[in-house]
Amino acid sequence: MIFRLACRELLRSWRFGLFFIFNLSLGLTGFVSLQAFNVALETEIKANAKSILSADLAVAARRELTDDEAKKMREVVPAGATEGKIYEFFAMLSSSKGSRLVLVKAVDQAYPFYGELDLESGRQITAGSDNKDILSAPKAWIYPELKSQLGLDVGDEIQLGQLNLQISDVVKKDATQTFRMASLAPRIFVNRELLPQSGLLQYGSTFSLAHLFKLPETTDHKLVRDQLYNVLTDPQINVETPETAGEDSGRQLGYLSDYLGLVAIVALFMSALGAAYIYRLFLSTRMKEIAILRTLGLQSGEAVSVYILQASMLGLLATIPTMLFSLLVLPLLSKLLANFTPFDLSPTVTPEAFLICLLMAVFGSFVVSIPFLMKIFDLRAAKLFSEEKFAVGEGQRRYWTFLPCVALFYFLSVYQAHSWKIGSLFVGSMVAVVLALLLIGYGTVKMAGWIRGLNRWFLKFSFLSLSRRAGASLAIFVALGLGALLINILPQLKNSLQAEFQLDANSKIPSLFMFDIQDEQWTGLEKILADREVKPLGRSPLVRARILKVNDQDYERKLDTQGFKTREEEREARFRNRGMNLSFREGLSDSEIMIDGRPFSGPFDPEKQKRAELSVETRFADRMGFKIGDVLVFDVQGVEVEGEIINLRKVKWTSFQPNFFIMVQNGVLNEAPKSWIAAIPFLPEQQRSELQNAIAKEFSNVSVIDVVRTVDDVLKTAEKMSWSLELMAGLALLTGYIVLFSIVRSQIKLRRWELNMLKILGASWGEVASFILTEFAFLAFIASFFGAALSVVVSFALNTFIFESDFKLSLIQPLLSVVIITTLSLVISFLASLDIVRESALSILREEK
């Protein structure tokens, strides 16, 4: 009986059902599309995991393994395994056409065990291929970026350190490459055997080493990995399997996906808002019938079951348009994100994505309906015999019925952000924004009723109508306000980012950044700079170390665990499992601010001090759980150094100045083996290029980053990322318009008698239309205005507290969005009300007869 009643109700109220389904499906579209894309990406990563790693197992470090470590490693690796060895490091490539920082990948005959390199000549480099000409002659393969940036091509001569090489081919596709965000340098492939002749890897040079292994087919990779970690105890040594390499390779795109998902959740929230209003309206028209059924013996629980089943059926039906809309959105999303992945992704709505959609739609519909369905328990059949009206707002207030909605929203936010911290911050921000919009909206609709002195009757009636129908007005206000906020945040952030990275003669951002400078090279480097009247912004020593103990507790490696991991846990594991770069200086630089503790007491005095003083960057300290007073023990080139944290610093990383997570008191590490890093102030392009060429020619091991080019790459990458975020923001705004249409349509149908009575009293259809449009245009204008204003506040907070950069206000985008949103709202309101506005008033009288 319950099922039959639910079906009959749906058939009778098919228009309500269509509006509910359309609202919910549009909100689910962004979420489901993103899930489908992520599933396709994860599937592709798993399928290509061995190609990305180029092996079954890799033992990697930022230093050479000791003889003892190498021996232990080979004892654990099973018999029958094949070994290869590669190096990766930055170096300066020089040629007759200029110089450029490149990422050198020095390989041997074994590379790659899996995957392939496709070259422009048509050759394909695989594990068993014998066409690796770079191993038999002094040649190199280059990435195509070097063709466009320096004009290099096959046959050209280049110099890497002391090596003179000929370009023999250009890499067309690299299956071992991961995701392309803003890259510091293009790759170049050379023979590993030539490294000793190059002079590039000197004491203190920065490089990554990986021992690659192809294991027998029956080998348990995870077991071998765990055994290697047991014998290789230094946290700086990392053991990668295809699974962990795949996770690492997708991390950067994962961050973007996290934030896209949060924007999609806003669209889902807005659609739920519209669906909830429509459902409340529908239920209010059914209260009298429910009361009649109650008198005929239907229990309250059974009545609630009818509508729960009905809401679930509507959610189930909403999956159909959701799948169709997702098929339209997915190609756009894939095209926007194609720049960041080496794979040719063709995401489709997979069974997993469909299951998520089904659960969200059915459970979401149930959750949205709970607060209103509980009102059925408050129905009094005695009201049937009085002239009182039935209303959903009557009866006991059960605020707990909204808890499932809040819990679902919070769970989705944390799940999508992969972070309790960011998810909680997002939910808190959303609650604050919605409350602000509700307060502003409530004040607006109430004040609208106080407006006096209007000449036209329909203007006066429009504002009075707003104040009388606060519920509908607030739902529209919140939906449009959130849409305006979302589409304005990104342009504000981009404007601030561009202003932050503005490079000119007055900019404090350097134009060149140098590292791997040896002690004995600084004098010669200073001469090159002095000859060109260039004064460095400063230089900082870099001392390699690793943390041994924290407060007398061994600082142990953090192994990856299976299952859900937050982004904070991932970052902690990465930082814990790598070495530390330490530095020292007298005081703080221009890009640093001490936020807690005390400054250094001066140079280290071994007679008066038991341990050195340490200064730690505040976010790094937060990730690692460090605090003032903690005692850290470092291994610096085999010598133990003990230090105590005395202050926490905030660092402005966008300054591109030489900055470090941990600074040590001056006088402790001065005699330790070290290299230097330095920054060069802004220079015109020609002078910058000439200086870079001179440094590369004289000191081939010194790496020079062109900050201007890097910043340009960062801005281009940010622009590409913003397109995908704007797609989701646009989807959220479209959801807001659907909410507007649904509510306007519902309101017009409820006010049909009132509108036709106005015509009977002499109002023209144009005046009736003006009455309606004035009401909703005013609401749309105020909502979009305050939504845009809140976007400025949110953008300021993000820039100041999250990105820690200066905020640059742009008024053009917010003002333009207010005009566009108001205009579109006018059009949508007109379309939603057109048939009833133009309806003949006689139809009402005929119905009464």
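First residue of the sequence shown? That's 182 in my numbering, and the numbers climb one at a time after it.
Built from N, CA and C at the ideal position, the CB exists for glycine as well.
Just so you know, these numbers come straight off a predicted model, no measurement behind them.
Is residue j closer than 8 angstroms to residue i when the C-beta atoms are compared?
i, j, result
"residue 183", "residue 470", "no"
"residue 622", "residue 594", "no"
"residue 861", "residue 715", "yes"
"residue 661", "residue 955", "no"
"residue 396", "residue 259", "yes"
"residue 969", "residue 665", "yes"
"residue 549", "residue 613", "no"
"residue 699", "residue 343", "no"
"residue 713", "residue 761", "no"
"residue 297", "residue 305", "yes"
"residue 888", "residue 692", "yes"
"residue 451", "residue 916", "yes"
"residue 542", "residue 503", "yes"
"residue 284", "residue 372", "no"
"residue 849", "residue 785", "yes"
Might you give, ordered along the chain, the residues of its own chain that have their beta carbon closer than 6 angstroms to the beta carbon of residue i, omitting 5 neighbours on each side?
i, result
"residue 363", "Its pLDDT being 44, under 50, residue 363 is placed unreliably in this model, and the coordinates cannot settle the point."
"residue 1030", "Because residue 1030 sits at a pLDDT of 41, beneath the cut-off of 50, its placement in the model cannot be relied upon, and the point is left open."
"residue 325", "351"
"residue 423", "230, 231 and 234"
"residue 1013", "922, 925 and 926"
"residue 139", "The chain is shown only over 182 to 1030; residue 139 falls outside these bounds and no answer can be derived."
"residue 356", "232, 296 and 297"
For the beta strand (DSSP E) containing residue i, name the first residue and the last one.
i, result
"residue 830", "820-832"
"residue 722", "719-731"
"residue 263", "263-276"
"residue 798", "793-798"
"residue 1032", "The structure shown does not extend to residue 1032, since the chain spans only 182 to 1030, so no value can be given for it."
"residue 555", "Taken as a continuous stretch (DSSP letters only), residue 555 belongs to no beta strand (DSSP E), as it is neither H nor E."
"residue 318", "Looking at the DSSP string, residue 318 is not in any beta strand (DSSP E), and its letter there is neither H nor E."
"residue 778", "773-778"
"residue 764", "761-765"
"residue 817", "812-817"
"residue 349", "344-355"
"residue 300", "298-300"
Can you give me the Cβ contacts of residue i inside the same chain, cut-off strictly under 8 angstroms, excluding the 5 residues immediately before and after it?
i, result
"residue 573", "Note that residue 573 has pLDDT 48, beneath the 50 cutoff, so the model's placement of it is unreliable and no number is given."
"residue 442", "212, 215, 597 and 598"
"residue 905", "437, 441, 514, 517 and 518"
"residue 770", "719, 838, 839 and 840"
"residue 139", "An answer regarding residue 139 cannot be provided, because it is not within the stretch 182 to 1030 covered by the chain."
Please work out which residues of its chain come closer than 7 angstroms, Cβ to Cβ, to residue i, disregarding the five sequence neighbours upstream and downstream, and give them in chain order.
i, result
"residue 829", "776, 777, 778, 797, 799, 802 and 809"
"residue 332", "278"
"residue 1016", "none"
"residue 354", "299"
"residue 745", "Note on residue 745: pLDDT 49, under 50, position unreliable in the model; the coordinate value appears next. Contacts found: none."
What span of residues does the alpha helix (DSSP H) with residue i cover, start to end?
i, result
"residue 246", "First-last for residue 246: undefined, no H or E at that position."
"residue 501", "481-518"
"residue 612", "601-629"
"residue 597", "584-598"
"residue 215", "195-228"
"residue 340", "Counting along the chain, residue 340 falls outside any alpha helix (DSSP H), though it belongs to the beta strand (DSSP E) covering 338-341."
"residue 857", "No alpha helix (DSSP H) holds residue 857; the beta strand (DSSP E) holding it covers 856-861."
"residue 786", "Unbroken run through residue 786: none, as it is neither H nor E."
"residue 706", "703-712"
"residue 328", "326-331"
"residue 999", "993-1018"
Beta strand (DSSP E) runs wholly inside the stretch 369-446, at least 3 long, in chain order: Secondary structure within the stretch 369-446: the beta strand (DSSP E) runs of 3 or more consecutive residues, fully enclosed, are 389-395 and 419-421 (chain order).
Restricting to runs no shorter than 3 residues, where is the beta strand (DSSP E) found entirely within the stretch 884-962? The qualifying runs are 884-887.
Contact between the stretch 230-249 and the stretch 376-392: three or more CB pairs below 8 angstroms? Touching, per the Cβ criterion.
If you pair each beta-carbon of the stretch 197-206 with each one of the stretch 495-508, do three or more pairs fall below 8 angstroms? Segments in contact, yes.
Stretch-stretch touch, CB-based, cutoff 8 angstroms, three pairs: the stretch 608-624 with the stretch 953-973: Counting C-beta pairs with one atom in each stretch, the stretch 608-624 and the stretch 953-973 have three or more that are closer than 8 angstroms, which means they touch.
Segment contact, 8 angstroms Cβ cut-off, at least three pairs: the stretch 869-888 with the stretch 264-282: The stretch 869-888 is in contact with the stretch 264-282.
Is it the case that the stretch 216-232 contacts the stretch 528-544, given that we only count it when at least three CB pairs across the two stretches are under 8 angstroms? A contact exists between the stretch 528-544 and the stretch 216-232.
Contained alpha helix (DSSP H) runs [length at least 4] in the stretch 637-675, N- to C-terminal order: Runs of the alpha helix (DSSP H) spanning 4 or more residues and lying entirely within the stretch 637-675 occur at 638-649, in chain order.
Determine contact between the stretch 273-288 and the stretch 865-876, defined as no fewer than three beta-carbon pairs at a distance below 8 angstroms. They touch, by the three-pair rule.
So, do the stretch 926-935 and the stretch 989-1006 have three or more beta carbon pairs nearer to each other than 8 angstroms? Taking a cut-off of 8 angstroms for Cβ pairs, the stretch 926-935 and the stretch 989-1006 do not touch, as fewer than three such pairs fall below it.
Are three or more beta carbon pairs between the stretch 834-847 and the stretch 668-675 nearer than 8 angstroms? Below 8 angstroms, too few C-beta pairs join the stretch 834-847 and the stretch 668-675 to call them touching: fewer than three.
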